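A.B. asks: Pasting a structure below so you can have a look.
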Amino acid sequence: MRMIPVGNSAKRGRLSSPAVDADVETTVASRLRRLGQRFTAGRRALVDALTKVDRPVTIEEILRVEPRLPLSSTYRNLAILQQAGVVHRVSTDHEFARFELAEDLTDRHHHHLVCESCGTIEDVEIPARLDRSVRAALDELARTARFRVASHRVDAFGLCARCAAER
Ligand SMILES: [Zn+2]
Ligand SMILES: [Zn+2]
Numbered sequence: 082m083r084m085i086p087v088g089n090s091a092k093r094g095r096l097s098s099p100a101v102d103a104d105v106e107t108t109v110a111s112r113l114r115r116l117g118q119r120f121t122a123g124r125r126a127l128v129d130a131l132t133k134v135d136r137p138v139t140i141e142e143i144l145r146v147e148p149r150l151p152l153s154s155t156y157r158n159l160a161i162l163q164q165a166g167v168v169h170r171v172s173t174d175h176e177f178a179r180f181e182l183a184e185d186l187t188d189r190h191h192h193h194l195v196c197e198s199c200g201t202i203e204d205v206e207i208p209a210r211l212d213r214s215v216r217a218a219l220d221e222l223a224r225t226a227r228f229r230v231a232s233h234r235v236d237a238f239g240l241c242a243r244c245a246a247e248r
């Protein structure tokens, strides 16, 4: 898996270098088509940027990864990609919204550690055995409501190591 720290602004010459997996590309294009939208260079660069980071990022951080993206269209494109089910907005009470690629576009089922002080969100992948226990617990909860669980999102809220050390 490629991971580029968000702090390193990638110096790249063009917007549309082929970092996005071909399968993902096809899926994204077809989801956009359903909305009557095209997979434009700007949207491609956005998906590209989200592929490169290893945690949910703010718009500001996206622009650090892809400095050539214009701010105004980035807001609009993110909204459209969200509507198409390509981008997921990770909920946080912090003032800055954070975005990631929809989990079904990645092969990485994961959970989030959300810092309620600085708003940073870390992705965490828990061992398969543990994730099965999470699923079993949710199945059991759902059974009483005769609800059938298809997937789950479990995020933990608290303080990141840096913020905890400051207290
Ligand atoms: Zn923090
Ligand atoms: Zn899980």
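First residue of the sequence shown: 82, per the working numbering; consecutive thereafter.
Using N, Cα and C, we set each Cβ at its ideal position, and we do this for glycine too.
Computed from a prediction, not measured in an experiment: that's the story for all the values here.
1. Looking at the structure shown, is R124 part of a helix, part of a strand, or coil, going by DSSP?
2. Taking G239 as the reference, which of D104, E203, G117 has the closest Cα?
3. Quick one: grab the DSSP three-state call for L150.
4. Could you name the residues of the same chain whose beta carbon sits closer than 6 Å to that of A223, not counting the 5 residues immediately before and after it, in chain order?
5. Over the uninterrupted alpha helix (DSSP H) stretch that includes E221, give me the two end residues.
6. Whose CA, out of C241, A226, A110, lies closest to the CA of A165?
7. Three-state secondary structure (DSSP) at P86?
8. Helix, strand or coil for L144, going by three-state DSSP, please let me know.
9. Using CA atoms only, rank isn't needed, just tell me which of H169, L211, E181, A126 is closest to P148.
10. If you draw a straight line from the alpha carbon of Q118 to that of I161, how long is it in whole angstroms?
11. From the DSSP output, in three-state form, read off D236 for me.
12. Can you give me the C-alpha to C-alpha distance between L211 and H191, rounded to a whole angstrom?
13. State the beta-bridge partners of H169 as determined by DSSP.
14. Quick check: what's the CA-CA separation for I140 versus R179?
15. Do you know how far the Cα of D104 is from the Cα of F173?
C.D. replies: Let me spell this out:
1. What you label residue 124 is simply residue 43 of the sequence shown in a count that begins at 1. The answer is helix: DSSP assigns R124 an H, G or I state.
2. Position 158 of the sequence shown, counted from the start, is the residue given in the question as residue 239. Checking every option, the nearest Cα to that of G239 belongs to E203.
3. As a first step, residue 150 is located in the sequence shown; it is residue number 69 there, counting from the start. L150 falls in the coil class under three-state DSSP.
4. One-based indexing of the sequence shown puts residue 223 at position 142. The residues are V230.
5. For the purposes of this step, residue 221 is taken as residue 140 along the sequence shown, with counting starting at 1. 209 to 225 is the extent of the alpha helix (DSSP H) around E221.
6. Walking along the sequence shown from the start, residue 165 turns up at place 84. If we check each option's Cα against that of A165, A110 comes out closest.
7. Locating residue 86 in the sequence shown gives position 5, where the first residue counts as 1. Its pLDDT being 44, under 50, P86 is placed unreliably in this model, and the value from its coordinates should be taken loosely. Reduced to three states, the DSSP call for P86 is coil.
8. The residue given as residue 144 occupies position 63 in the sequence shown. DSSP places L144 in helix when its eight states are reduced to three.
9. Reading the sequence shown from its first residue, position 67 is the one you call residue 148. Taking only the C-alpha atoms, the option nearest P148 is A126.
10. Stepping through the sequence shown from its first residue, residue 118 is reached at position 37. Stepping through the sequence shown from its first residue, residue 161 is reached at position 80. Distance between the alpha carbons of Q118 and I161: 8 Å.
11. Along the sequence shown, read from residue 1 onward, the residue named residue 236 stands at position 155. In the structure shown, D236 sits in a strand (DSSP, three-state: E or B).
12. Reading the sequence shown from its first residue, position 130 is the one you call residue 211. Reading the sequence shown from its first residue, position 110 is the one you call residue 191. Rounded to the nearest angstrom, the two C-alpha atoms are 12 Å apart.
13. Within the sequence shown, residue 169 is the residue found at index 88, counting from 1. H169 is bridged to E181.
14. Translated into the one-based positions of the sequence shown, residue 140 becomes position 59. Translated into the one-based positions of the sequence shown, residue 179 becomes position 98. When rounded, the distance between both Cα atoms is 7 Å.
15. Here the question's residue 173 lines up with position 92 in the sequence shown. Here the question's residue 104 lines up with position 23 in the sequence shown. For the record, residue 173 in the displayed sequence is Thr; it is not Phe. Cα-Cα distance, rounded: 30 Å.
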